[in-house]
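Counting along the sequence shown from 1, when you hit position 189 you're at 368 in the numbering used here, and nothing is skipped either side. Heads up: the structure comes next, in structure tokens.
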Amino acid sequence: MNGNLIIVSAPSGAGKTTLVGGALKRDHLLKPSISFTSRPPRDGEEQGVHYHFVSRAEFETMIAGGDFLEWAEVHGNLYGTSRRMVEAAREAGFDVILTIDIQGAAQARKLFPDAISVFILPPSLNALVERLENRGTDTADDLQLRLGNALHEIEQYVNFDYVVINEVLDRAIDELAAIIVAERCRLKRRGGVAEQILQTFRKQEGGH
Ligand code: 5GP
180 MNGNLIIVSA PSGAGKTTLV GGALKRDHLL KPSISFTSRP PRDGEEQGVH YHFVSRAEFE
240 TMIAGGDFLE WAEVHGNLYG TSRRMVEAAR EAGFDVILTI DIQGAAQARK LFPDAISVFI
300 LPPSLNALVE RLENRGTDTA DDLQLRLGNA LHEIEQYVNF DYVVINEVLD RAIDELAAII
360 VAERCRLKRR GGVAEQILQT FRKQEGGH
């Protein structure tokens, strides 16, 4: 059976990358989708690890080729999820987690109504400002842009299946990991195995 598709979305600075990183460390049946982006790498970011970094022209060729399951322009840069990579990992039985912006999450949910969507909320506006400032990777303009987008983004939480509030990181990771594990135990996913187990009981009953 194909793995689940998990969509994680949040405003910038809500800590979704750290949170998803924590869930990935704990769960070896979970694989990240490494996005393509036209954004230049930040210090410490590696090609093929954090993102596949490409030029805007390369990205546009990929759009035209239908390579993306979803893509969006976020804060002036292009970001997209490779359809082929997600399909391959799910076919191999892995749950695939997409850490994407709100517009991309809406596209992915429409395309995959069975996807499990999780919204990460910062505990407060102050906490978000503090995280963005501490990150220190963005320019002052960039920071204002990200904060300006946050209200509109946060309003979208109502469209998600689950909400995790990232106040205490470990607890938030527990919650995200629990959602992913619980979704694997749903009847529609476990029904096949449960039926096989039931059959062994039926056979032994028939043998008596
Ligand atoms: P950053 O530049 O801070 O790495 O990412 C900016 C935003 O783009 C974040 O909200 C991030 O989750 C989002 N993002 C990263 N990859 C993708 C993607 O493949 N598709 C979409 N729609 N958003 C993405």
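Note that CB positions come from ideal geometry on N, CA and C, so glycine has one too. For clarity, every value in this text was computed on a predicted model and none was experimentally measured.
Find out if the Cβ-Cβ distance for the pair residue 273, residue 386 is shorter than 7 Å. Position 94 of the sequence shown, counted from the first residue, corresponds to residue 273. Position 207 of the sequence shown, counted from the first residue, corresponds to residue 386. Not closer than 7 Å, so no.
Coarse secondary structure for residue 224, derived from DSSP in three states: Numbered from its first residue, the sequence shown carries residue 224 at position 45. DSSP places residue 224 in coil when its eight states are reduced to three.
Following the continuous beta strand (DSSP E) through residue 327, name the residue where it begins and the one where it ends. Within the sequence shown, residue 327 is the residue found at index 148, counting from 1. It is not in any beta strand (DSSP E) - residue 327 instead sits in the alpha helix (DSSP H) that spans 319 to 333.
Can you tell me the Cα-Cα spacing of residue 360 and residue 343, whole angstroms? Indexing the sequence shown from 1 puts residue 360 at position 181. Indexing the sequence shown from 1 puts residue 343 at position 164. C-alpha separation (whole angstroms): 15 Å.
For the ligand 5GP, is there a heavy atom less than 6 Å away from the beta-carbon of residue 268? The sequence position of residue 268 within the sequence shown is 89, counting from 1. Of the heavy atoms belonging to the ligand 5GP, none sits nearer than 6 Å to the Cβ of residue 268.
Three or more beta-carbon pairs under 8 Å between the region 184 to 197 and the region 327 to 335, yes or no? Output reads yes: the region 327 to 335 touches the region 184 to 197.
Using the C-alpha atoms, what's the distance from residue 337 back to residue 283? Taking the sequence shown and counting its residues from 1, one reaches residue 283 at position 104. Taking the sequence shown and counting its residues from 1, one reaches residue 337 at position 158. In a straight line, the C-alpha of residue 283 is about 16 Å away from that of residue 337.
To which residues does DSSP link residue 216 through a beta bridge? As a first step, residue 216 must be located in the sequence shown, where it is residue number 37. Within the DSSP bridge table, the entry for residue 216 names 232, 258 as partners.
Within 10 Å of its beta-carbon, does residue 380 have 16 or more other beta-carbons around it, so buried, or fewer, so exposed? Taking the sequence shown and counting its residues from 1, one reaches residue 380 at position 201. With fewer than 16 other CB atoms across the displayed protein chains lying within 10 angstroms of its CB, residue 380 is exposed.
From residue 275 to residue 267, what distance separates their C-alpha atoms? In the sequence shown, residue 275 corresponds to position 96, counting from 1. In the sequence shown, residue 267 corresponds to position 88, counting from 1. Between residue 275 and residue 267, the C-alpha separation is close to 10 Å.
Outcome for residue 365 when other beta-carbon atoms lying within 10 angstroms are tallied against a minimum of 16: In the sequence shown, residue 365 corresponds to position 186, counting from 1. Label assigned to residue 365: exposed.
Bounding residues of the alpha helix (DSSP H) (the contiguous stretch that carries residue 349): Taking the first residue of the sequence shown as position 1, residue 349 is located at position 170. Element bounds for residue 349: 348 to 363.
Along the chain, where does the beta strand (DSSP E) containing residue 277 start, and where does it finish? One-based indexing of the sequence shown puts residue 277 at position 98. Per DSSP, residue 277 belongs to the beta strand (DSSP E) from 274 to 278.
Less than 6 Å separating the Cβ of residue 197 from some heavy atom of the ligand SAM? You won't find the ligand SAM in this model; what it holds is the ligand 5GP.
Compare the Cα-Cα distances from residue 254 to each of 292, 219, 227 and report the closest residue. Stepping through the sequence shown from its first residue, residue 254 is reached at position 75. When 292, 219, 227 are compared, the shortest CA-CA separation from residue 254 is found for 219.
May I ask whether a heavy atom of the ligand 5GP can be found less than 6 Å away from the beta carbon of residue 137? Here the chain comprises residues numbered 180 to 387, so residue 137 is not present and cannot be evaluated.
Given that a residue counts as buried once 16 or more other Cβ atoms are within 10 Å of its Cβ, and exposed if not, what is residue 327? Locating residue 327 in the sequence shown gives position 148, counting from the first residue. Taking all protein chains in view, the Cβ of residue 327 is surrounded by fewer than 16 other Cβ atoms within 10 Å, so the residue is classified as exposed.
Taking 6 Å as the cut-off, is the C-beta of residue 202 nearer than that to any heavy atom in the ligand 5GP? On the sequence shown, position 23 is the one that residue 202 refers to. The answer is no for residue 202.
Go through its chain and collect everything with a Cβ distance to residue 340's Cβ below 8 Å, but skip five positions before and after it. One-based indexing of the sequence shown puts residue 340 at position 161. Answer for residue 340: 295, 296, 297, listed in chain order.
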